[in-house]
Amino acid sequence: MPEATRTVPRPAAGRRVIRFGYHGSPHVATRIIRRAGWHETAVDLSEYDIAAPFHALRTGRLDVMTAKFAVREPDLVTSRTLAEDARAVVVAADHPLAAHDSVSVEDLAAYDCFDRPGDLPAYVWDEVVPRRTPAGRPLRRRHRVTAIPDMMRLVASGAAVHLSLISLADIAPPGIRVIPVPDLPPAPVTLAWPRGAGLPDHVRRFITAAEAGANR
């Protein structure tokens, strides 16, 4: 059945919920949950801080979290790829690029972009906003913010563009356009959880179901 119309049973009374962290749009996480065959009421979604993305996981406040791009943290484990998030650029509605249906990453070298927020690993940010375009042009990573609303306000002012992911279109405010960047590969989306943590059975079942659901 199409994902939008699949009937997913509600969890049994007393069933423990999955504490599930996401960043940006919650719809990517929701899609993973539904493909896993779990009802959304069995999962407690909470947005993690992009400036310290793994803190809530490492301190036991989350069971799992979505991770985009390759995560190489020795104390974390990641699932197989469960979804993909296409690349896009976030621009003001009156920006010169806003009239385009798609934008090349090469075009973004002419504009100020964002540097990595807080303690997000540099190797991850190098995939989000590469230091150089495929043709070798440097991307000007000048602005630093730690929250999406702050990023959106700076973009709306025309001071910067944000090379990111198409899922941000789900939460973009008026006055913002999110335009595909087709010459960069999409970001793989996985689940991450602590290595050697002795996962509770309900968390392990969810991860197994999420990986199986990726084939649907």
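Our numbering puts the first residue of the sequence shown at -3, with every later residue one more than the last.
Even glycine gets a Cβ: it sits at the ideal position worked out from N, Cα and C.
The model shown is predicted, which means the values in this text are computed figures rather than measured ones.
request  = Starting from residue 138, trace the beta strand (DSSP E) both ways and give me its first and last residue.
outcome  = Where residue 138 is concerned, the enclosing beta strand (DSSP E) stretches over 136 to 139.
request  = State whether the region 127 to 140 contacts the region 104 to 119, with contact taken as three or more CB pairs (one from each stretch) at a distance under 8 Å.
outcome  = Put simply, the region 127 to 140 touches the region 104 to 119. At least three CB pairs are less than 8 Å apart.
query = Going along the chain, which residues of its own chain have a beta-carbon closer than 7 Å to the beta-carbon of residue 190, five neighbours each way excluded?
reply = Excluding residues up to 5 positions away in sequence, 53, 54, 71, 72 lie with their Cβ nearer than 7 Å to the Cβ of residue 190 in the same chain.
inquiry  = Strictly by DSSP, which residues pair up with residue 17?
reply    = 42, 61, per the DSSP bridge assignment.
message = If I measure Cβ to Cβ from residue 181 and keep anything under 8 Å in the same chain, skipping five residues before and after, which residues do I get?
response = Result list for residue 181: 83, in chain order.
message = Just to check my reading of the structure: residue 21 and residue 164 have Cβ atoms closer than 8 Å, yes? What is that Cβ distance to the nearest angstrom?
response = About 6 Å separates the beta carbons of residue 21 and residue 164, which is inside the 8 Å limit, making them a contact pair.
message = Using only the alpha-carbon positions, how far apart do residue 29 and residue 39 sit?
response = In a straight line, the C-alpha of residue 29 is about 8 Å away from that of residue 39.
DSSP three-state assignment for residue 121, whether helix, strand or coil = Note: residue 121 maps to helix in three-state DSSP.
ask   = Is the beta carbon of residue 85 sitting closer than 9 Å to the one on residue 177?
value = Taking 9 Å as the Cβ cut-off, residue 85 and residue 177 qualify as a contacting pair.
message = Applying the 10 Å Cβ sphere with the 16-neighbour rule, what's the burial state of residue 49?
response = Residue 49 is buried by the Cβ-count criterion.
query = Three or more beta-carbon pairs under 8 Å between the region 84 to 103 and the region 168 to 176, yes or no?
reply = Verdict: yes, contact present.
query = Pick from 62, 97, 99: whose alpha carbon is nearest that of residue 81?
reply = Of the candidates 62, 97, 99, 62 places its Cα closest to the Cα of residue 81.
query = Is the distance from the Cβ of residue 79 to the Cβ of residue 123 below 9 Å?
reply = Taking 9 Å as the Cβ cut-off, residue 79 and residue 123 do not qualify as a contacting pair.
message = Rounded to the nearest angstrom, what separates residue 203 and residue 56 at their Cα positions?
response = Whole-angstrom Cα-Cα distance: 17 Å.
task = Check each candidate in 27, 44, 43 and name the one with the smallest Cα separation from residue 36.
result = Minimum Cα-Cα distance from residue 36 among the listed residues 27, 44, 43 corresponds to 27.
request  = Pull up the CB-CB distance for residue 47 and residue 115, whole angstroms please, since I reckon it's below 8 Å.
outcome  = Contact flag correct, Cβ pair sits at about 6 Å.
key: For residue 101 and residue 159, believed in contact at Cβ under 8 Å, the rounded distance   = Taking the Cβ atoms as the reference, residue 159 lies roughly 7 Å from residue 101, within the contact range of under 8 Å.
request  = Answer yes or no: do residue 15 and residue 59 have a C-beta to C-beta separation smaller than 9 Å?
outcome  = In this structure, residue 15 places its C-beta atom within 9 Å of the C-beta atom of residue 59.
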